[in-house]
Structures are given as structure tokens and as C-alpha cells.
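2 protein chains.
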Amino acid sequence: MAKHHQELSLLFHALSDPTRRSILTRLAEGPARVTDLSEPTGLRLPTVMRHISVLEEAGLITTAKDGRIRTCAIVPEALDPVRSWLDQQRAMWEARLDRLEAFAIKAMKDRTQ
Amino acid sequence: MAKHHQELSLLFHALSDPTRRSILTRLAEGPARVTDLSEPTGLRLPTVMRHISVLEEAGLITTAKDGRIRTCAIVPEALDPVRSWLDQQRAMWEARLDRLEAFAIKAMKDRTQ
DNA sequence: ATGATAGTTAGCATCATGGCTAAGCATCAT
DNA sequence: ATGATGCTTAGCCATGATGCTAACTATCAT
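One line per chain: the protein sequences are G and V, in this order.
When the letters of the first sequence are read in order and numbered with my numbering, they come out as residues 598 to 710.
When the letters of the second sequence are read in order and numbered with my numbering, they come out as residues 598 to 710.
Here it is in C-alpha cells:
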């Protein structure tokens, strides 16, 4: 039971920081080095490295080191659990709306009898 | 620039806690009192109240007090910015995939000439 | 008017987060 | 072999998040 929740928590938490979202947006255009990712943020390298670790631990990106260069790339499927959760949430909400509507219709019928 | 990002940050942060997600799931079935929400969590009332405040500040729920009872209800549209961000992210990713594919096709053509 | 119920407020302890600097290590170019 | 480059590690600091208890307020029932 908890495994699933933990995954979502990691994902949502990783996405809750604007710097991390901007890194993801940058990576959506293609892989990049750590330094490339740090430049537009105005943050120091160790700070950016930490954000990268958070993204990687959430499974949102992968990284690989070639020589002294670490290249980062997104993992697009990683967002699937988030989508699923949103869809599930919406489904429940809509099911409830349907029940309310059915109830309202029945109430109208009862009144007209 | 920041306004948009702030909204997403609040939303993602609110969703990053399993207790808060369980509250949302419960509320998807219909409005509930604070105490109703606290019971399944095993957490004390003040703690749950705080989670509720976070959800409300993110715009994910609304609350109203009638007498001594505060009733909480979800705001389904509140998740729209999250969906939009996900869709946008996916669109960028797919656009890049298309470019890669076009590149690969062009490379194959070049070779066969 | 008394007591039970439902929330609220205040304040505390603890740990996580996000930023930094300074120093270290590995690799590449010369 | 030396220096520049790119990343990594360690450690500090300030702030914020999550849980709690205790005490307070406001309402409802009797």
C-alpha cells in the first residue's frame, strides 16, 4: 500500500520546486550537462546538483557520466503515475457528480407524481 | 512570470503529502467535516487542520463554517494547472521526438543517395 | 447554566529543504 | 606535468514542514 504513495510523494515533491521544473522543461528539449543546467538558474553548481539528485531519485531524469561530464536526460514515462492519480481523482469526482444528478432527477420525478 | 510558477509550486507541494492526498480522495466522494477527515488519518485535530489549511491555500479545497462545524469540499478545477503543465511538458517532449525522427529519416535518405 | 462537542490558537521539538563556501578529485588540453 | 574544466563532497546556516500537547473559544443539547 505504501509503495505507491511513496512514489507519488517523491514525484510531487520533486515537481514542487520551480528550479526543478525549469530543469525538466530544459531537458524536454534534449539532454544537457550539469553546467548547462546550472547556468540559466543563477544557482551554484552544488545547489543544482542537489536538485538533479532529487529529480533522479524521483525517477524523473536519468544521468550518466562520460569522462568528467555528466549528461542528464528526462524519463518521460516517469510522469505517468501523476497522470493516473489525476485521472483517478477526476473519475471519482465525476462519479459523484453523476450520483448527484441521478438524485436530482429522481427528486424531480418524485415531485411530479 | 512568478505568479504562474508560484501557483504550481503550491499545488505540487500540497499534493506531495500522502495525508493530504488521502484527504482529497475522501473529499472526492463528498464534503466532510474536519473531524470526519481526521479520523481515518490517526492524526490529531490540529495537525489535520494544518493539512486542510495547506490544501485550502493551494486552492484545492474550500471550507465554510456553519455553527461549530467546518465543512470541507474539493474544488475540482483546481487541478487544471497541473494537468496543463503535464500536457505542456509532454508536448515538448513529443515535439523533440518528432524532430529526432525527422532527423533519422533524413539521415537514411542521405545515405541511400 | 452545565457539560459535551467541534474547532482553533499557541508554542514546542524535530527533521527536511534550499541555499552557500571551501576544498577535493578526476579528466582533458597543452 | 601543469593548469583549466567539470563535477563531487563536506559542512554550515536559515527557514519551513510536520507532528505533538495544552489551553482556549464557540456552539449545541439538556
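Don't be surprised by glycine CBs; every beta carbon is placed ideally from N, CA and C.
Checklist line | R667 of chain G, enclosing beta strand (DSSP E) - first and last residue | finding: 666–671
Checklist line | Segment contact flag, the region 600–614 of chain G with the region 651–662 of chain G, C-beta cutoff 8 Å, min 3 pairs | finding: yes
Next item on the list: Just mark H601 of chain G as buried or exposed, buried being the case when its beta carbon has 16 or more other beta carbons within 10 Å.
Entry: exposed
Notebook entry, point to check: Buried or exposed: where does I649 of chain G fall if 16 or more other Cβ atoms within 10 Å of its Cβ makes it buried?
Noted result: buried
Checklist line | Counted within 10 angstroms of its Cβ, other Cβ atoms place S635 of chain V as buried (16 or more) or exposed | finding: buried
Check: Apart from the five residues on each side of it in sequence, which residues of its chain come closer than 7 Å, Cβ to Cβ, to P628 of chain V?
Finding: T668, C669, A670
Checklist line | Any chain V beta carbon closer than 8 Å to P643 of chain G | finding: no
Check: Exposed or buried, what is I620 of chain V when buried is set at 16 or more other beta-carbons lying within 10 Å of its beta-carbon?
Finding: buried
Notebook entry, point to check: Where W690 of chain G and G664 of chain G are concerned, what is the direct C-alpha to C-alpha distance, given to the nearest angstrom?
Noted result: 51 Å
Check: If we cut at 8 Å on Cβ distances, does L671 of chain V have a partner in chain G?
Finding: The sequence given here places Ile at residue 671 of chain V; Leu does not occur at that position. Yes, because at least one Cβ of chain G sits closer than 8 Å to the Cβ of I671 of chain V.
Margin query: Tell me whether R617 of chain V, by its Cβ, gets closer than 7 Å to a heavy atom of the ligand PLP.
Written below: As far as ligands go, the structure on display features none, and thus does not contain the ligand PLP.
Margin query: Would T632 of chain V and T616 of chain V qualify as a contact pair, given that the criterion is a beta-carbon distance under 8 Å?
Written below: no
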